[in-house]
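Numbering (the numbering used here), first residue to last: 215 to 629.
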Amino acid sequence: MTTLVTNIAQLINTRTQSHVLRGSELAEMPVIKNAFLLIEDGIVADYGNMDDLLSKLPRLPENNIDASGQFVLPCWCDSHTHIVFAGAREAEFTDRIRGLTYADIAAKGGGILNSAKKLNEANEELLFKQAWERLEAMAKLGTGAIEIKSGYGLTVEGELKILRVIKKLKQQSPLTIKATFLGAHTYPVQFKENHEGYIDLLINEMLPVIAAEKLADYIDVFCETGFFSREETTAICNAAMRYGLKPKLHVNQLNSIGGIEAGIQLNALSLDHLETLTDADISKLSDGKWQGISTLLPTAAFFLGMHYPPARKLIDAGAALALATDYNPGSSPSGNMNLVVAMSCIQMKMLPEEAINAATINGAYAMECGDQLGSITIGKKANLIFTKPIPSLAYLPYSFGTNLIDKVMINGRFV
Ligand code: NIG
Ligand code: FE
215 MTTLVTNIAQ LINTRTQSHV LRGSELAEMP VIKNAFLLIE DGIVADYGNM
265 DDLLSKLPRL PENNIDASGQ FVLPCWCDSH THIVFAGARE AEFTDRIRGL
315 TYADIAAKGG GILNSAKKLN EANEELLFKQ AWERLEAMAK LGTGAIEIKS
365 GYGLTVEGEL KILRVIKKLK QQSPLTIKAT FLGAHTYPVQ FKENHEGYID
415 LLINEMLPVI AAEKLADYID VFCETGFFSR EETTAICNAA MRYGLKPKLH
465 VNQLNSIGGI EAGIQLNALS LDHLETLTDA DISKLSDGKW QGISTLLPTA
515 AFFLGMHYPP ARKLIDAGAA LALATDYNPG SSPSGNMNLV VAMSCIQMKM
565 LPEEAINAAT INGAYAMECG DQLGSITIGK KANLIFTKPI PSLAYLPYSF
615 GTNLIDKVMI NGRFV
């Protein structure tokens, strides 16, 4: 099927070739005003200025969409989520309002363990149905690609159940989906004093099945005080890497305990969270020796009432930033990338162009699908956000909390 979109007020993030954007490159936003866009079989086939349309396309296709006044941009690429979970945790939310901290709640058996209990009681069909509904809602908000982690099972059956749900989502959803094994999210109660025992379970019981059934693309570990140490993180990643799973790690959310050094040594694809960084951490993430992506999750910092990651310092030092929702029941019960982009501008002083690049092209590379997604490029998937009529790109984050999306196209079809 051929679709022609005409009279686009601004076609955003048009790139003949794309690569991960680092430092000052993030502020560059290639745009075509008064543009057309041609889509063939779900793939971007051509684009350009309306003035050149007739010379390029003497016979216009029948399927023509007029986008007068509208901006068209690549869909959000949400490279860090945990959307397969059972039940919400609003009681803990209220406990935190009353004064408990995230760490207090985790220490008394709430938090991730609370979600694990609920998940192990839920069946695969229910988990699939709920995750599907979240995915559909996210697509309507402009997300076209997503990474989804396990990590609320913490048992062999529970972790495999989540990963099988993700596999089914991959098979049935038009969105591009990547799966990450996060069995090392926390220690289950029975292994609290026996870390070796749980790591043995992860490495010798879970990983072989995950590899045999091709259930995961990446390995993740929550490297944090009270969770997994730097050494434990390295051991788990090394085992997973032998099965071809690249690390994408939770580091420096609450404390700086060496997760960044470990991640860089492991050549992690991305290091995520980064709320708590020393100056040395910032230079390690930014000096260009490590080619990975630093993924910031501002809605998690917002929801937990924490300080935001130092986006400005990271960009100014040369880092490649991506932005993601961290959608999960404990620290970010929202899958709204529009809000993530707005919050990044408002609270982390990112320019609208920087935030949009971080949420599209760099997000795509943080899931290794930068060759298919994240920019308007011939040959990439037609995953597109059509905005309502807006005066400028900056108007999107400026109007935080207002839904300015008219429609969303995934693989050339409106959702
Ligand atoms: O990314 N920090 C670790 N994991 C999740 C939250 C987990 C939870 O509280 O359920 C996060 O913030
Ligand atoms: Fe997370």
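The C-beta atom is built at its ideal place from N, Cα and C for all residues, glycine as well.
Would you list, in sequence order, the uninterrupted alpha helix (DSSP H) runs of no fewer than 4 residues that lie entirely inside the region 538-589? Within the region 538-589, complete alpha helix (DSSP H) segments of at least 4 residues are found at 551-562, 566-573, 575-579, given in chain order.
Is the beta carbon of isoleucine 326 sitting closer than 8 angstroms to the one on threonine 400? In this structure, threonine 400 lies closer than 8 angstroms to isoleucine 326 by Cβ.
CB contact flag (lysine 595, asparagine 625, <8 angstroms): The answer is yes: Cβ separation under 8 angstroms.
Closer than 8 angstroms is the cut-off here; do at least three beta carbon pairs connect the region 375-389 with the region 331-343? Verdict: yes, contact present.
Compute the Euclidean distance between the alpha carbons of glycine 283 and glutamate 361, then round it to the nearest angstrom. Between the alpha carbons of glycine 283 and glutamate 361 lies a gap of roughly 32 angstroms.
Spatial distance of phenylalanine 405 from proline 288 (CA atoms): In this structure, the straight-line span from the alpha carbon of phenylalanine 405 to that of proline 288 is close to 44 angstroms.
Given 7 angstroms as the limit, tell me if alanine 430 has its C-beta closer than that to any heavy atom belonging to the ligand NIG. Alanine 430 Cβ: outside cutoff for every heavy atom of the ligand NIG.
Enumerate, from N- to C-terminal direction, the unbroken alpha helix (DSSP H) stretches of 4 or more residues contained entirely within the region 455-480. DSSP runs (the alpha helix (DSSP H)) wholly in the region 455-480: 473-479.
Under three-state DSSP, which class holds leucine 528? Leucine 528 carries a helical assignment under DSSP once its states are collapsed to helix, strand and coil.
Three-state class that DSSP yields for serine 364 in the structure shown: In this structure, DSSP gives serine 364 a state outside helix and strand, which the three-state scheme calls coil.
Return yes when the C-beta of histidine 409 is under 7 angstroms from any heavy atom of the ligand FE, and no when it is not. No - the ligand FE has no heavy atom lying nearer than 7 angstroms to the Cβ of histidine 409.
Going by DSSP, what residue range makes up the alpha helix (DSSP H) through serine 500? It spans 493-500 - the alpha helix (DSSP H) in which serine 500 sits, taken as one unbroken run.
If you reduce the DSSP assignment to three classes, tell me which class glutamate 347 lands in. Residue state, collapsed to three classes: helix.
Consult DSSP for glycine 262 and reduce its assignment to one of helix, strand or coil. Looking at glycine 262 - three-state DSSP - the assignment turns out to be strand.
Could you check where the alpha helix (DSSP H) with glycine 372 kicks off and where it finishes? According to the DSSP assignment, glycine 372 belongs to the alpha helix (DSSP H) that extends over 370-386.
Is it buried or exposed for aspartate 501, if we count other Cβ within 10 angstroms and need 16 for buried? In the assembly as shown, aspartate 501 is an exposed residue. Its beta-carbon has fewer than 16 other beta-carbons within 10 Å.
Taking DSSP as the reference, what is the three-state secondary structure of histidine 409? In the structure shown, histidine 409 falls within a helical segment according to DSSP collapsed to helix, strand and coil.
Give the single residue among Ile297, Trp290, Ile226, Thr228 whose Cα lies nearest to the Cα of serine 646. Past the edges of the chain, shown from 215 to 629, lies residue 646, and the structure says nothing about it.
The beta strand (DSSP E) spanning threonine 509 covers which residue range? 507-510 is the extent of the beta strand (DSSP E) around threonine 509.
Tell me which same chain residues have a C-beta within less than 7 angstroms of the C-beta of alanine 398, skipping the five on either side of it? Close CB contacts of alanine 398 within its chain, under the 7 angstroms cut and outside five residues either way in sequence, are with Leu416, Val435, Phe436, Phe442, Ile450 (chain order).
CB of isoleucine 507 to nearest heavy atom of the ligand NIG: below 7 angstroms? The ligand NIG never approaches isoleucine 507 closely enough for any of its heavy atoms to be under 7 angstroms from the residue's Cβ.
Using the Cα positions of aspartate 620 and isoleucine 471, report the straight-line distance between them to the nearest angstrom. Distance between the alpha carbons of aspartate 620 and isoleucine 471: 44 angstroms.
DSSP three-state assignment for glycine 237, whether helix, strand or coil: Residue state, collapsed to three classes: helix.
In angstroms with no decimal places, state the Cα-to-Cα distance between arginine 456 and glycine 473. Distance between the alpha carbons of arginine 456 and glycine 473 is about 20 angstroms.
Compare the beta carbon distance of leucine 499 and leucine 528 with 8 angstroms and say whether it is the shorter of the two. Taking 8 angstroms as the cut-off, the beta carbon of leucine 499 is found closer than this to the beta carbon of leucine 528.
Is the separation between the beta-carbon of leucine 429 and that of leucine 377 shorter than 8 angstroms? Result yes, Cβ atoms of leucine 429 and leucine 377 sit closer than 8 angstroms.
Answer with buried or exposed for serine 613, where buried requires no fewer than 16 other C-beta atoms within 10 angstroms of its C-beta. Serine 613 comes out exposed.
Going straight from the alpha carbon of glycine 301 to that of lysine 332, what length do you get? Spanning the alpha carbons of glycine 301 and lysine 332 requires a straight line of approximately 7 angstroms.
Residues near leucine 480 in its chain [Cβ-Cβ closer than 6 angstroms; skip 5 each side]: Cβ neighbours of leucine 480 beyond the five flanking positions: Cys451, Pro461.
Spatial distance of valine 258 from glutamine 586 (CA atoms): Approximately 10 angstroms between the Cα atoms of the pair.
Hey, is the region 268-278 in contact with the region 307-322, meaning 3+ C-beta pairs nearer than 8 angstroms? A contact between stretches requires three or more CB pairs, one per stretch, nearer than 8 angstroms, and the region 268-278 fails this requirement with the region 307-322.
Taking its Cβ as the centre, do 16 or more other Cβ atoms sit within 10 Å of histidine 521, making it buried, or is it exposed? Its Cβ having fewer than 16 others within 10 Å, histidine 521 is exposed.
In this structure, how does DSSP classify alanine 536 when only helix, strand and coil are distinguished? DSSP places alanine 536 in strand when its eight states are reduced to three.
Identified DSSP bridge partners for alanine 249: Alanine 249 pairs with Ile222, Asn263.
Could you check if phenylalanine 628 is buried or exposed, using at least 16 other CB atoms within 10 Å of its CB as the buried criterion? By the 10 Å Cβ count, phenylalanine 628 comes out exposed.
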